[in-house]
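Numbering (this note's numbering), first residue to last: 20 to 590. Ideal Cβ placement from N, Cα and C applies to all residues, glycine included. Down below is the structure, laid out as C-alpha cells.
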Amino acid sequence: MTTFRPVKHLLSIRLLLVLFVATLSLPTAEAASKKEPAYSAEEYGLGHDQHAIFPIPLSEYDKEEGDDWSIMQKLKHRAGQQGGFNLVASIIFLCAILHTFLSGYFIEMAHIHEKKHKEKIEKLGLTAEAKPHEDAQDHVSFKAHLFHFLGEVEAIFGIWVIALAGAVLWFFGIQGEGIGAGMTQFKGYIDDVNFTEPAFVVIIMAIAATRPVVRFAEHIVDKVAKIFGGTPASWWFSALTVTPLLGSFITEPAAMTIAAFLLSKKFFDLNPSPKFAYATLGLLFVNISVGGTLTHFAAPPVLMIAEKWSFGMSYMFLNFGWKAAIGILIANTAYFLYFRDQFSNLKKSDSRDMHIPIRWVDREDPIPTWITVMHLLFLAGTVYFAHDPKLFIGGFLFFLGFTQATGHHQNEVNMKSPILVGFFLAGLVIHGGCQGWWISVLLTSIDNQWVLMIGSTLLTAFNDNAAITYLASQAPNLSIGVKYAVLAGAVTGGGLTVIANAPNPAGQSILGSYFKGGVSPMGLAKAAIIPTIIMGACFMLIPSSGMTKDPKAPEPTKELAESAANPKKVQ
Numbered sequence: 020m021t022t023f024r025p026v027k028h029l030l031s032i033r034l035l036l037v038l039f040v041a042t043l044s045l046p047t048a049e050a051a052s053k054k055e056p057a058y059s060a061e062e063y064g065l066g067h068d069q070h071a072i073f074p075i076p077l078s079e080y081d082k083e084e085g086d087d088w089s090i091m092q093k094l095k096h097r098a099g100q101q102g103g104f105n106l107v108a109s110i111i112f113l114c115a116i117l118h119t120f121l122s123g124y125f126i127e128m129a130h131i132h133e134k135k136h137k138e139k140i141e142k143l144g145l146t147a148e149a150k151p152h153e154d155a156q157d158h159v160s161f162k163a164h165l166f167h168f169l170g171e172v173e174a175i176f177g178i179w180v181i182a183l184a185g186a187v188l189w190f191f192g193i194q195g196e197g198i199g200a201g202m203t204q205f206k207g208y209i210d211d212v213n214f215t216e217p218a219f220v221v222i223i224m225a226i227a228a229t230r231p232v233v234r235f236a237e238h239i240v241d242k243v244a245k246i247f248g249g250t251p252a253s254w255w256f257s258a259l260t261v262t263p264l265l266g267s268f269i270t271e272p273a274a275m276t277i278a279a280f281l282l283s284k285k286f287f288d289l290n291p292s293p294k295f296a297y298a299t300l301g302l303l304f305v306n307i308s309v310g311g312t313l314t315h316f317a318a319p320p321v322l323m324i325a326e327k328w329s330f331g332m333s334y335m336f337l338n339f340g341w342k343a344a345i346g347i348l349i350a351n352t353a354y355f356l357y358f359r360d361q362f363s364n365l366k367k368s369d370s371r372d373m374h375i376p377i378r379w380v381d382r383e384d385p386i387p388t389w390i391t392v393m394h395l396l397f398l399a400g401t402v403y404f405a406h407d408p409k410l411f412i413g414g415f416l417f418f419l420g421f422t423q424a425t426g427h428h429q430n431e432v433n434m435k436s437p438i439l440v441g442f443f444l445a446g447l448v449i450h451g452g453c454q455g456w457w458i459s460v461l462l463t464s465i466d467n468q469w470v471l472m473i474g475s476t477l478l479t480a481f482n483d484n485a486a487i488t489y490l491a492s493q494a495p496n497l498s499i500g501v502k503y504a505v506l507a508g509a510v511t512g513g514g515l516t517v518i519a520n521a522p523n524p525a526g527q528s529i530l531g532s533y534f535k536g537g538v539s540p541m542g543l544a545k546a547a548i549i550p551t552i553i554m555g556a557c558f559m560l561i562p563s564s565g566m567t568k569d570p571k572a573p574e575p576t577k578e579l580a581e582s583a584a585n586p587k588k589v590q
C-alpha cells in the first residue's frame with residue numbers, strides 16, 4: 020500500500036500528458052473556422068485576426084472622429100456604437116470591480132450560514148460522526164458555499180463573464196439574427212482573447228512555490244539579512260528589496276510567489292499589527308510592480324510594448340531599472356523608519372521555538388543541490404518559453420513527474436491557489452478586451468507628461484497595467500514622452516489594487532489568510548499610496564536620455580547628415 024499513492028499520481032500525470040499531446044493535434048480556432056475574420060490584422064492594425072465583430076478596432080474610431088473633437092465627444096460617440104454594447108460592457112466591468120470591494124461581506128455571510136448549518140446538522144444527526152457509514156461526510160450548506168464563492172476575489176471577474184456573455188447574446192443575438200448568432204460571436208471573442216499570460220502565471224506560480232525554490236530564495240535573502248544582523252527587521256527589509264529586483268530575471272509572478280512565502284514565514288507568522296501588515300502588503304505589491312523593469316521581459320506591462328516601441332533591455336535598465344531600485348530603497352527605508360518600534364513586538368502566538376519544525380511542510384532538513392538545480396532549470400525553461408504555452412505546459416507536466424520521483428524532498432505541489440489566480444487573470448483579460456474604447460481616448464488625448472503619468476497610474480488601479488500599455492501601443496505616432504509617461508504610470512500604479520498587476524492575485528492568495536475577512540481593497544490602496552508616489556517621483560524627476568530620445572527613431576545616415584548640413588548640394 021505504501022507505493023500505491025505515488026504510482027497513482029504518476030498514472031494521473033501520464034494521463035494528463037496524453038490528453039495534452041492530444042490537444043496539440045487539434046486545429047486552432049482560426050483553422051477550424053471557415054469564415055473570414057471580421058477584422059484582419061493587416062487591414063486594421065491588430066496584433067492578430069479578429070473573428071468577433073466586437074470590440075470595434077480603435078483604428079475605425081479614428082476614421083470617424085474629427086481632430087477637433089473633445090474627449091467627451093469621442094467618449095459619447097464610442098459609447099453608442101453597436102447599439103450601446105461598449106457602454107454596457109464597461110458597466111459590467113465596473114460592477115465586477117465594485118464586487119471586489121464587497122468580497123468581505125460575502126465571506127462574512129458565508130461564515131454566518133456555516134455556523135447556522137453546523138448547529139442544524141448536529142441537532143438533526145447529519146454530521147459525519149452520526150452517520151453509520153465508513154468515511155461519511157457532513158451534510159453541506161449550499162448557501163454557505165455559494166456566499167463563499169461570491170466572496171473569493173479570484174473568482175469575481177470570472178463570475179461577471181457570465182453577465183458579459185448575456186450582454187453579447189442580447190446585442191449580437193436576440194436583437195440580431197438569433198441566440199445562435201450571439202453564441203457564435205461570444206465564442207469568436209473568447210477565441211480572440213490571448214490566455215497565454217494567465218496560463219503562464221499558473222505554471223510559474225506553481226513551480227516558484229515548491230520547497231526547493233523557496234528554500235533557495237530563502238538562502239539568498241538570509242545571506243543579505245545576516246549582513247544586517249539577521250533580525251526580523253533585516254529579513255523584512257531584505258525580502259522587500261532583493262526579491263522584487265530578482266523579479267526582473269525570474270519574472271514578476273515568480274518573484275511575488277517567493278516573496279509572499281518568505282514574508283509569510285518570517286514576518287506575517289509573527290503577528291504584526293493590522294496597520295503594519297497592510298503597509299507591508301502594499302509595499303510588496305508596489306515593489307514587485309516596479310522591480311521587474313530592469314529587463315524587458317519580466318514585467319507584463321513592459322512585455323506588451325517592448326517589441327513595438329523598441330524598449331529593449333538596455334533601454335529599460337538605463338531609464339527604468341535603476342530608478343526603480345532607488346525608489347524601492349527609499350520606500351522600504353521610509354516604512355522601516357515609521358514602523359521601527361513595532362519590530363520588537365513581533366513574535367509567534369505560541370511559545371515554540373520558530374526554528375523547530377511543527378509540521379512536515381515546515382521541516383528544515385537539507386535538499387540535495389542537484390534537486391534544487393533541476394527546479395531552477397524548470398523555472399528558467401518556463402520563463403524562456405513564456406510565450407509558447409504548448410512548451411511551458413508540457414514542461415510542467417514533466418516537472419510534476421520529477422517532484423513525484425523526489426517526493427521525500429518535496430512538499431505537495433499546491434495547484435489550488437495558482438488555478439484560482441489563473442481564473443482571475445483569465446476573467447480580467449476577457450473583460451479588459453472590451454475597455455479599449457474609453458481607455459485609449461484618455462491615454463491619447465493628453466500631452467502633458469505629468470498628467471499622462473498620473474492618469475495612467477489611476478487607470479492602472481482599475482484595470483490590469485498590461486492592458487493599459489497594450490492599448491497605448493495601438494495608438495499611432497506617440498511621442499517618446501507619451502510612451503515613457505504611460506509605461507511609468509502603469510508600473511507605478513501596479514500596487515494600488517489587486518487587479519492592477521498580474522502577480523498581485525498570487526500575493527493575495529498566499530497572504531490573504533493573515534487579514535481578517537480577507538484583504539480590504541481600501542486598506543491595500545491606502546497602504547500603497549506612499550510607495551506609489553515615491554516610485555512615480557523617481558521615474559519622473561530623475562532624468563535619463565530615454566525620456567526624450569526614442570530608441571525606435573532611426574539614426575541619421577551619413578548622407579542625410581551631409582544633406583542637412585549642406586542643403587544646396589541636394590538636387
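Give the DSSP-derived three-state secondary structure of residue i in the structure shown.
| i | result |
| --- | --- |
| Gln69 | strand |
| Ala278 | helix |
| Ala353 | helix |
| Glu431 | coil |
| Leu396 | helix |
| Gly382 | Looking at the sequence shown, residue 382 is not Gly but Arg. Coil at Arg382, not helix or strand. |
| Ile561 | coil |
| Leu36 | Bear in mind that a pLDDT of 47 at Leu36, under 50, signals an unreliable position, so the number given afterwards is only what the model happens to contain. If DSSP states are grouped into helix, strand and coil, Leu36 belongs with the helices. |
| Pro570 | coil |
| Pro540 | helix |
| Cys114 | helix |
| Leu515 | coil |
| Met332 | helix |
| Ala405 | coil |
| Trp88 | coil |
| Glu237 | helix |
| Met554 | helix |
| Lys367 | coil |
| Phe247 | coil |
For residue i, count neighbouring C-beta atoms within 10 Å of its own C-beta (all shown protein chains included) and say buried if the count is 16 or more, exposed if not.
| i | result |
| --- | --- |
| Glu83 | exposed |
| Arg359 | exposed |
| Lys93 | buried |
| Phe397 | buried |
| Val286 | It should be pointed out that residue 286 corresponds to Phe in this sequence rather than to Val. Per the 10 Å Cβ criterion, buried. |
| Gly508 | buried |
| Asn467 | exposed |
| Trp389 | exposed |
| Pro385 | exposed |
| Asp483 | buried |
| Thr463 | buried |
| Pro437 | buried |
| Val470 | exposed |
Name the one or two DSSP bridge partners that residue i has.
| i | result |
| --- | --- |
| Tyr58 | Gln69 |
Along the chain, where does the alpha helix (DSSP H) that runs through residue i open and close?
| i | result |
| --- | --- |
| Glu216 | 215-227 |
| Val470 | 468-480 |
| Tyr489 | 484-492 |
| Tyr124 | 122-143 |
| His167 | 161-170 |
| Ser528 | 523-530 |
| Ser459 | 455-463 |
| Gln361 | Careful: Gln361 lies outside any alpha helix (DSSP H) and carries neither H nor E. |
| Phe316 | First-last for Phe316: undefined, no H or E at that position. |
Item to complete: Answer yes if the stretch 269-280 comes into contact with the stretch 525-537, meaning at least three C-beta pairs across the two stretches below 8 Å, and no otherwise.
Response: yes
Fill in: the stretch 237-252 / the stretch 437-445 touching (three or more Cβ pairs under 8 Å)
no
Worksheet item: Is there contact between the stretch 116-124 and the stretch 147-158, where contact requires at least three CB pairs shorter than 8 Å?
Response: no
Fill in: Meets three-Cβ-pair contact criterion under 8 Å: the stretch 536-549 and the stretch 316-335
Output reads no: the stretch 316-335 does not touch the stretch 536-549.
Worksheet item: Just checking, does the stretch 487-494 make contact with the stretch 415-423 on the three C-beta pairs under 8 Å criterion?
Response: no
Worksheet item: Would the stretch 177-196 and the stretch 99-117 be scored as touching if the rule is three or more Cβ pairs under 8 Å?
Response: yes
Practice prompt. Determine contact between the stretch 317-333 and the stretch 251-271, defined as no fewer than three beta-carbon pairs at a distance below 8 Å.
Written response: Under the Cβ criterion (8 Å, minimum of three pairs), the stretch 317-333 counts as touching the stretch 251-271.
Discussion item. If contact is defined by three or more beta carbon pairs under 8 Å, each pair taking one atom from either stretch, is the stretch 513-520 in contact with the stretch 299-307?
Written reply: yes
Item to complete: Check whether the stretch 396-411 touches the stretch 427-441, counting contact only when three or more Cβ pairs, one atom from each stretch, lie closer than 8 Å.
Response: no
Fill in: Meets three-Cβ-pair contact criterion under 8 Å: the stretch 67-77 and the stretch 132-150
no
Worksheet item: Are the stretch 385-399 and the stretch 215-229 touching, with three or more C-beta to C-beta distances below 8 Å?
Response: yes
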